[in-house]
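Heads up: the structure comes next, in structure tokens.
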Amino acid sequence: MILKLDKTFLAKKERQNSFFLIILIVLALCYDVSAQGFNFGRNKIQYTDFNWQVMKTEHFDIYYYPEMEEIARVGAFYAEESYKALEPKFNHSVTRRIPLIFYSTHLHFQQTNVTPGFIPEGVGGFFEFLKGRVVIPSNGNLFQFRHVIRHELVHVFMHSKVATVLRKHGRLDGPFPPLWFTEGLAEHWSAHWDAQAEMVLKDAVLSNYITGLQNIYQIRGTFTMYKIGQNILDYIADNYGDDKVLMILENLWKYERFEDAFKEATGFNYAEFDHEYLYFLKKKYYPQLATDDFNSQTATTIVHDGFNFKPAYYKGVDGDYVLFVGNRTGYTSIFMKPMEEAPNGVEEKVEVLVKGQASSDFENFHIFDSKIDVNKSGQLVFTAKSGETDALYIFDIATRAVVSKHYFKDLVGLFSPSWSPNEEEIVFSGLAKKGYKDIFIFNIKSQQLSQVTDDFYNDDSPSWAPDGKHIAFASDRNAYGAHGSSNIFMMKKDGSQLRYLTYGKQTDTSPVFSPDGKFLAYTSDFEGTFNIFMIESPLKNKAKSQIKTHKITQSVGTIFDPEWTNDGDLLFGTFEERSFQIRLLEDTFSRIDSSNVINQPIAEPLADLWHFEKIKSSNISINEPYLNTYDLDIVQTQVSQDPLFGTTGGAQMAFTDLMGNDRYNILLYNNAQRSSDLLRSLNFAITKTSLGKQVNYAYGLFRFAGNFYNPQDAFYFEDRVGGLFALSFPFSKFSRIEFSQTFSYSDKDWSFARRRYAWLNSSFLSYVHDNSIYTATGPIEGTRLNISVGNTYDFAFSNVNYLTGLIDMRYYLRTSLRTAYAVRLLSLFNEGRETRQFYFGGSWDLRGYPRWSLRGRRIFLLSQELRFPLIDGIGVKLPFFSLGFSQIRGALFVDVGNAWNDAFDHALGSFGLGVRVPLGFTALRWDFGKTTDFNSISSGYFTQFFFGWDF
Amino acid sequence: MRKQTIVSVLFLGLILVLSCQKPLIKKVLPQPKKPITTALQSYTRDGYQDFSILDSLKIIESEDLHGLASPSFLKYSNELIFTTLNGHLYFISLDDFSNSRDLSISAGIAAAPTLHGNTLYIAANKGEKGLFAYNVLTGKMRWEIHGQLSNSSPIVTQNYVIHASIDGYISAYHLNDGERVWQVDYKDPILNNLALIDENIIVASQNGKVSNYNPQSGYLNWTLNMSEAVYASPVINKNHIFITTYSGSIIQIETKAGIITHRFSGKSPIFKTPALDNTTLYFIMANGKTIALDKSNLKQKWQTQLDGPASTSPLVTKEEILVGTESKIFYRLDKKTGAILQSIKLPGRPGSQAAFYKDKIYLSYEPDFLVLFSTKAENND
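So the sequences go chain by chain: A and B.
Take the first sequence: its letters are residues 146 to 1096, numbered as in my numbering.
Take the second sequence: its letters are residues 24 to 404, numbered as in my numbering.
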């Protein structure tokens, strides 16, 4: 389906809970803390217990689980086939064994620990550099599976080739190919130019945002960049030879810049190439405007802003509405809007019907893959990820409430539900654990689920006919399915009388019956890009020569997901001007007479269905359960010098298993100032973290010894040795409970001749909730909450005994697309014997006061901000370098709080203006304002620079 | 009396004059030792060395170099000479395999050096200078040429060294002083070796232009545009030139007339120069398929499948073909049947064509090793 990316780099940041950071935080809690350093983040949950197996073929180690063994064997065949195809293209062999990790569904794939981050819906697979692993989901479509396998193997080959070329010529590093080239090459050598690629490039040219190589960095990471990269390499291959593409890699060792290697291979620098290539694109696409039109010119725009998909028509008591799945603010949700024209980007009355990505019920709506449907009674049916699998929801529009929610055993993914005319049944496409997608019917009254198709073909987009007896759907069950084509089929609801409605090498999808059943509309790339076609009398089982198909639209922009209204108009989704709109084609029936009739050969009966090949058993050397094997991932050493505390030197190492489920961290360092202190100052920590199950846990041993200073204790030496255990139980993606337990022996020796021994037991319990979304500098919508309580006591000598509590609540109210009101309430306390003090003040909490200048056993803070965009982009271009910043944001703030020990004296405050400049890995903060003790306001202004995200 | 005086004076004068001449000392100059070279020194680029291997190869030694040896080795006196891809020039003693000379010449060298008399002509493909003339006896550079970076082994003919640059210039320089005698702008990148037979220099450029030039004058004899990319060197056998292409074709061309006489169509790119003996042409495609063709009519004799593309040009001997592949395997094949006689897995990809001397075979492999195989062999050179 549209926009299946293989790597997506989102502008919006999703923070993920890094469980192993808990260890450091637990240990830090034993010492001095700052009020900033508390843990939020969403949870990556491993719901499913994968019983991993490994299959070794000639070049690959393939990891899979038993439910998907057949698909794994198919994938193994595709992998070896791709290896043989890529060897001559790269003139290179990859001599290490390549780990391939397969998942049967995208929801399973999202649980992988091979990458710590969250995997968005549009990511179809990835290759990671540390262990050279390739991770790919199947998701029902074997052609797409094969394509992604080859795409990722191009990355594997390219990395190996570049490393070999550099090494052969004695270079340790060189100009690594830029992203447009790596992704463009992966598509160039794994796929043909298809309708989706054509859609993206054509829009870029005709909407005047096409960019050549000189400025391609401006669209770095976007799908448009991938497709331009692919097209550039296609162009070079077609006009100058595919060998030139390989020569670019062969020449890399000679240069410091990729452009120079490009120039030697092709004869062009970027400017010269752009001059020729961009002109070629204009000559190719501009003439199409003589015959084709933009949908914005020929159809009524109903929904314009943001990204909008999957329209569904609803006849309400007060008018016609369109419901759709979209993303306008950062959360993918289901929206509802009156079916009125949206003039020139000004939209009103768009209501969030079902908010997604903010709660465990509606984690995701499969925005690219799953349609929604509304019946005459005003009930919306849709599917959403909820926990381990998808759930089917019935939602009453009038009451704005979920009527029912259904899970189906053995079905992981649910797609494109469609109401039967009598509203008693729902047909949908279901993806099973074994990885095949078939048609199912759910009877609401009996709660029974029946499977209608049962094979490896990818059956999708089912649509109920008005007669209640027939179902049309899209499937690759034809002779060309192995090459990615799909056609429209009709069958009776029990699966019998299956027949073609369309036939051929094209991709036909999204069939939908007109209200009277006399026409079936669908979209097809029969003539290059997706347009709307209509079949007359689809319910009549005619001889193949009598099936009449009309081409209804002649659109420049791509059209998908047509949906009838009661009046015979067609709503549809379209891609134009870099985004996705919903438009209305009026008077559809009147266009039929003047439309082109397409002659399509229809194969009858069903014949020449394609079959996949699997790896032969003789080509598998080993097939056995996976046993954890660990590799060294990182070794890092560091030496630091402090004028007060002297020199510290040490190293840390991390080992993980192939699945990323288990990790060993080893930290070793020494801060002795004299040789006689070497043993005394030896520090270490060894932890094992397990992330493979829903409950994550960690345990380890540590010894931390050294000189410390804080204003409360002055200088002291503390030697603490012990063990820790921690676990994290996520309830959902957004909330979790964390528990940690530490036993340690502490020997604390103050510089003022006091010494204390203690056997410490420290237990902490936290509840964390986070459903916030980010802009470039900090959260803009959602809620974050951390409530923690803990007790530390000396169970041998009673020298220590204190209770610690924390509450940190943050709420972000979106006031417009780019502005928000943010409020934070923070309260900390420590009560008991030898309690620690908290340090307070500075850019991260009470602004206007020097960092950590305030301290006490209790802290209170209330911060409020109004966040807004300040400068969208600013840059300086000098002859020899350029410097630019974008998305600079501002904030008006008011802070109130203080730190105290026994009695609260008075509050301190500050107010002013903050500026935040995103730097990618952090933000540069500048705050400017005045302080107050609520009796008077400071005469002067303060200014503070620091780093860090907004709270 | 007067007559006698005159005769005496003349006689004395004659003795005086003759005795003032420098004495004629017969000087026997040391004759430059005839270099024994390996196969690719042959300007026909046929990749043939006349020896027989009688026993399996066994690794006996390996040497760690400063770089990966470029395509082929030369033998001079008792030393093995070669360059490396990162621009070093090596002399290795054949007696004890020790490193006797290691010089940094330039930033990159792709082609094998050419030895003529006591001078090594070395083409560089990175840096400021593209051609060096190095005196092997004195260890000093005789002359150097700025620019003209090259992937081609120089060709020495009569008094000239012929040099082809990557950007498409073919030049002839005087052997003694490097003065340019003639230059042709070929207008197409030249990424491989030129070939020479009699008075025909054969050029095959990246975009498929094949030409025949007179080496003395630089005059063009003929040109063919094949419109197929060419990455391997042309190979010449008597009256025919063999060109291999990126599309997998082998094209036979009459040397003098420039007429295509036969063609074989393969399906996979050919990047390495084929090898040729009296009857057969041997080549490896990038998909590892190794094919032997009758050189007279390009009919296939046999084919065999190797593991991966070739990483070296094949060397053909009396009975065998020796070749390394990208999958780090060094193969011995029976050249009559294509049967694999021996395959040796190496720690790195072989980088050079194998070279044979006195029961030993020399081979380089990644990243920077030179390995020595021992075998029983019969040298027919």
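We put the CB at the ideal spot given by N, CA and C, even for glycine.
* To do: Would you mind stating whether His333(A) and Leu287(A) have Cβ atoms separated by less than 8 angstroms?
  => No. Outside cutoff.
* To do: For Pro58(B), I'd like the list of residues in its chain whose CB is within less than 6 angstroms of its CB, leaving aside the five on either flank, ordered along the chain.
  => Caution applies to Pro58(B), whose pLDDT of 41 falls short of 50 and renders its modelled position unreliable; the value that the coordinates give is listed next. Hits under 6 angstroms: Tyr99 and Leu138.
* Coarse secondary structure for Asn384(A), derived from DSSP in three states -> helix
* Asked: Hey, which unbroken runs of the beta strand (DSSP E) at 3 residues or more fall wholly within the stretch 1052-1089 of chain A?
  -> 1053-1063 and 1068-1077
* To do: Keeping to the same chain, check which residues put their C-beta closer than 6 angstroms to that of Asn603(A); ignore five residues upstream and five downstream.
  => Gly285, Asn286, Lys582 and Asp621
* **3-residue-minimum beta strand (DSSP E) runs that sit fully inside the stretch 162-225 of chain B, ordered along the chain** => With a minimum length of 3 residues, the continuous beta strand (DSSP E) runs that stay inside the stretch 162-225 of chain B are 164-169, 178-180, 183-187, 192-197, 203-208 and 218-220.
* Going along chain B in order, which residues have a C-beta closer than 8 angstroms to the C-beta of Gly386(A)? -> By Cβ distance, chain B contributes Asn230, Ala252 and Tyr269.
* Asked: So, using beta-carbon positions, are Thr278(B) and Asn262(B) closer together than 8 angstroms?
  -> yes
* Minimum Cβ-Cβ distance from Leu386(B) to chain A less than 8 angstroms -> Cβ-Cβ to chain A under 8 angstroms: no for Leu386(B).
* Amino acids of chain B, ordered along the chain, whose beta-carbon sits closer than 8 angstroms to that of Asn236(A) -> Near Asn236(A) (Cβ distances below 8 angstroms), the residues of chain B are Pro292, Phe294, Ala309, Pro332 and Glu349.
* Rounded to whole angstroms, how far is the Cβ of Lys893(A) from the Cβ of Tyr861(A), which I believe are closer than 8 angstroms? -> 6 angstroms
* **Beta bridge counterpart(s) of Thr719(A) as assigned by DSSP** => Ile704(A) and Gln726(A)
* What is the residue span of the beta strand (DSSP E) that Lys582(A) lies within? -> Lys582 to Asn588
* Residue nearest to Gly201(B) in terms of C-alpha spacing, selected from Trp166(B), Glu102(B) and Pro94(B) -> Trp166(B)
* chain A beta carbons: is any one of them nearer than 8 angstroms to that of Lys149(B)? -> Yes - at least one Cβ of chain A is within 8 angstroms of the one on Lys149(B).
* Just to confirm, are Ile79(B) and Thr398(B) a CB contact at a threshold of 8 angstroms? -> The amino acid at residue 79(B) is misidentified as Ile; the sequence shows Ser. Yes. Within cutoff.
* Asked: Interface residues of chain A around Leu91(B) at Cβ under 7 angstroms?
  -> Lys313
* Separation of Gly140(B) from Val32(B), as counted between CA atoms -> 52 angstroms
* Asked: If Arg566(A) sits next to Pro607(A), beta carbons under 8 angstroms apart, how far is it from one beta carbon to the other, in whole angstroms?
  -> Position check: residue 566(A) holds Pro in this sequence, whereas Arg was assumed. Between Pro607(A) and Pro566(A) the Cβ distance is about 14 angstroms, and since that is not below 8 angstroms, they are no contact.
* For Ala298(B), count neighbouring Cβ atoms within 10 angstroms of its own Cβ and tell me buried if that reaches 16, exposed if not. => It is buried - the Cβ of Ala298(B) has at least 16 other Cβ atoms within 10 Å.
* **Boundaries of the beta strand (DSSP E) in which Leu559(A) is found, first to last residue** => That run of the beta strand (DSSP E) goes Leu556 to Trp564.
* For Gln375(A) and Ala331(A), the rounded distance between their alpha carbons -> 8 angstroms
* Could you tell me whether the Cβ of Lys399(A) comes closer than 8 angstroms to any Cβ of chain B? => At least one chain B Cβ lies under 8 angstroms of Lys399(A).
* To do: Taking all protein chains shown into account, decide if Ala546(A) is buried (16 or more other Cβ within 10 angstroms of its Cβ) or exposed.
  => exposed
* Asked: Is the stretch 356-364 of chain B touching the stretch 373-384 of chain B in the sense that three or more CB pairs, one from each, lie closer than 8 angstroms?
  -> no
* **CA nearest to the CA of Tyr430(A), picked from Phe321(A), Val701(A), Ile571(A) and Lys838(A)** => Ranking Phe321(A), Val701(A), Ile571(A) and Lys838(A) by Cα distance to Tyr430(A) puts Val701(A) first.
* Can the beta-carbon of Asn216(B) be found closer than 8 angstroms to that of Ser176(B)? -> yes
* Asked: What's the gap between the Cα of Tyr209(B) and the Cα of Asn248(B)?
  -> 12 angstroms
* Are the Cβ atoms of Ala130(B) and Gly153(B) separated by less than 8 angstroms? -> No; because the gap between Cβ atoms is not below 8 angstroms, this pair is not in contact.
* Of all Cβ atoms in chain B, is any one closer than 8 angstroms to the Cβ of Thr240(A)? -> yes
* To do: Just list the alpha helix (DSSP H) runs in the stretch 215-286 of chain B, keeping only unbroken ones of 4 residues or longer that don't cross its boundaries, in chain order.
  => none
* Please confirm whether Asp605(A) and Ala619(A) have their CB atoms less than 8 angstroms apart. => Result yes, Cβ atoms of Asp605(A) and Ala619(A) sit closer than 8 angstroms.
* To do: Sort out for me which residues DSSP pairs Asp518(A) with in a bridge.
  => Val526(A)
* Asked: List, in order along the chain, the chain A residues whose C-beta lies closer than 8 angstroms to that of Glu389(B)?
  -> Those are Thr309, Arg312 and Lys313, listed as they occur along chain A.
* Asked: Hey, is the stretch 950-970 of chain A in contact with the stretch 1003-1012 of chain A, meaning 3+ C-beta pairs nearer than 8 angstroms?
  -> yes
* Alpha-carbon to alpha-carbon, Gly845(A) and Gln596(A) -> 49 angstroms
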